[in-house]
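Asks:
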Amino acid sequence: MTEGFTWQYGGGLRLKELVSLRLKDVDESRGIITIRETKGDKHRTTILPESLRDEVAERKKRLRELHEKDRAAGLPGVALPGAFVYKDRRAGEKWPWQWFFPGNKPSRDPESGIIRRHHVHAENYSKAVRRAVEEAMIDKRATTHALRHAFATHLLEGGTDLRTIQELLGHADVKTTEIYTHVATGIGAMGVRSPLDRMAGGSD
2 MTEGFTWQYG GGLRLKELVS LRLKDVDESR GIITIRETKG DKHRTTILPE
52 SLRDEVAERK KRLRELHEKD RAAGLPGVAL PGAFVYKDRR AGEKWPWQWF
102 FPGNKPSRDP ESGIIRRHHV HAENYSKAVR RAVEEAMIDK RATTHALRHA
152 FATHLLEGGT DLRTIQELLG HADVKTTEIY THVATGIGAM GVRSPLDRMA
202 GGSD
């Protein structure tokens, strides 16, 4: 699940948003990731990094094989959101609804008791992050949310405006996004870099 690190950092995803991505949510042709059922039950879009687009094609190839294996084994389809199951009971067996980060093996659904393939468990992913931090001998506490923080901070340092970052992160209030102005290197409390500094740096 270590490949999830680059996805979470590259798109600024929350932990739950990452593990619950479905195939139909990743549009490599447009470079967009659609986040559904976010806080407040709203949808939003964020960036699919260009550097990950080739990986999407390779991942989809592997997922297709897994999907066909599950169908051949007669496994029930994946869990569906809300009342959608009543609109199309077979949708969970269809390709677009499959998890982008599926679990290694089928497991029992705690709510329905049905044995099916679920997405990667959030705690397993969190453990993988902590293990990677330990192996890299990083002397700071790093969590999955740190990847989302880094996404926002680095965008701000690169000159992206707060409103855009707010939309990408899905913050309801821009004040939540403003916290990144206090940790971004080279950005003052106003969250804006002076044009004089850009001239001194040789950029336009």
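Numbering-wise, the sequence shown is residues 2 to 205 according to the numbering used here. Even glycine gets a Cβ: it sits at the ideal position worked out from N, Cα and C. On a predicted model such as this, the values are computed, not experimentally measured, just so you know.
1. Alpha carbon to alpha carbon, how far is Asp28 from Pro103?
2. Could you tell me which residues DSSP puts in a beta bridge with Arg23?
3. I need the straight-line Cα distance from Ala73 to Leu67, nearest angstrom please.
4. To the nearest angstrom, how far is the alpha carbon of Thr178 from that of Gly160?
5. Would you mind stating whether Thr165 and Val184 have Cβ atoms separated by less than 8 Å?
6. Starting from Asp28, follow its DSSP beta bridges and name the residues at the other end.
7. Within 8 Å, do at least three Cβ pairs link the region 104-116 to the region 51-64?
8. Buried or exposed, going by whether 16 or more other CB atoms sit within 10 Å of the CB of Phe85?
9. Hey, how far is the Cα of His172 from the Cα of Gly75?
10. Hey, could you find the ends of the beta strand (DSSP E) Thr144 is sitting in?
11. Can you check whether the C-beta of Gly5 is within less than 8 Å of a C-beta belonging to chain C?
12. I need the DSSP call for Arg117, collapsed to helix, strand or coil.
13. Judging by CA-CA distance, which residue of Leu49, Arg37, Arg142 and Arg91 is the nearest neighbour of Gly11?
Replies: According to the structure data:
1. 18 Å
2. Trp100
3. 10 Å
4. Computed Cα separation, rounded: 14 Å.
5. no
6. Ile33
7. no
8. exposed
9. Looking at the two C-alpha atoms, the distance is approximately 41 Å.
10. Careful: Thr144 lies outside any beta strand (DSSP E) and carries neither H nor E.
11. Of the chains in the structure shown, none is chain C; there is only one protein chain.
12. strand
13. Leu49
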